[in-house]
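Following numbering that gives the first Met the number 0, the numbering of the sequence shown begins with 0 at its first residue and continues without gaps. Note that beta-carbon positions come from the ideal geometry of N, C-alpha and C, so glycine has one too.
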Amino acid sequence: MSSNLPNPEEVFRQMPCFCGVLLIAARSVSRLYNEELRSAGLEATQHAMLMVLRHLGSMAVGHLGERLAVDKTTISRNIKILERNGWVDLERGRDGRERIATITRAGTKKLTSARPYWDRAQQRMRAALPSGSFEVIRRELPNVALAALTA
């Protein structure tokens with residue numbers, strides 16, 4: 000039965016839906032990064048959350064979710080894991096409902112220990128793409144995200 004199916008590359012290249020192709024690409028890239036980061040005890044989403052908190056500083060969990068374009072369930076589930084592992088501190092905001100996330104010293108150490116795995120994922124992607132494509136795609140993806148937010 001499956002011998003009649005087109006191979007994955009044919010499906011990816013023939014799919015007319017921008018969103019569908021982007022979803023497949025995002026899931027494929029996430030799988031690769033998760034494979035590497037697993038050795039550091041992190042998932043790609045958790046790594047991204049820690050990176051944003053390290054670079055931008057403390058922020059409301061809802062704002063963190065907005066910055067990462069993830070839904071409330073995903074941000075909530077992952078922030079609990081980060082807090083449980085001591086990588087993020089959560090404090091109540093001014094109105095009592097808001098929770099403010101701050102990366103801890105242990106969270107910064109976790110990012111440092113994860114760096115070789117993240118670097119390897121970056122290198123694998125760079126090597127798998129045609130020469131120069133990695134940088135071009137990396138530069139253009141923020142434009143895709145911003146276009147979707149303003150469309």
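Do you know whose CA, among the options, lies nearest residue i's CA?
i	options	result
Arg-37	Leu-148, Gly-131 and Pro-115	Pro-115
Ala-39	Arg-138, Arg-96 and Ala-113	Ala-113
Asp-118	Leu-81, Arg-26 and Glu-34	Glu-34
Ala-147	Pro-5, Phe-17 and Gly-64	Phe-17
Leu-89	Val-135, Ala-100 and Leu-63	Ala-100
Ile-80	Arg-26, Thr-44 and Pro-15	Thr-44
Gly-106	Leu-128, Arg-138 and Leu-52	Leu-52
Glu-82	Asp-70, Pro-5 and Leu-41	Leu-41
Leu-145	Arg-66, Ala-24 and His-54	Arg-66
Ala-59	Leu-128, Gly-92 and Leu-4	Gly-92
Ala-25	Asn-77, Leu-140 and Ala-150	Leu-140
Ser-57	Ala-68, Asn-84, Ile-78 and Asp-70	Ile-78
Who are the Cβ neighbours of residue i in its own chain at under 8 Å, not counting the five residues just before and after it?
i	result
Met-124	Val-28, Leu-31 and Phe-133
Leu-128	Ile-136
Can you tell me which residues form a DSSP beta bridge with residue i?
i	result
Arg-91	Arg-98
Met-58	Ala-100
Which residues bound the alpha helix (DSSP H) around residue i?
i	result
Leu-145	132-149
Glu-82	71-83
Ser-27	17-36
Glu-8	7-13
Give me the Cβ distance between residue i and residue j, rounded to the nearest whole Å; I'm assuming they're in contact under 8 Å.
i	j	result
Val-87	Ile-102	6 Å
Lys-109	Leu-63	Contact doesn't hold; Cβ gap of about 16 Å is too wide.
Short of 6 Å in beta carbon distance, which residues of its chain neighbour residue i, apart from the five on each side in sequence? Order them along the chain.
i	result
Val-20	Met-14
Arg-98	Val-60 and Leu-89
Can you find the residues in the same chain that come closer than 7 Å, C-beta to C-beta, to residue i, ignoring five residues on each side of it along the sequence?
i	result
His-46	Leu-36, Ala-113 and Trp-117
Ala-68	Ala-144
Is it the case that the CB of residue i approaches a heavy atom of the ligand ZN more closely than 7 Å?
i	result
Lys-108	As far as ligands go, the structure on display features none, and thus does not contain the ligand ZN.
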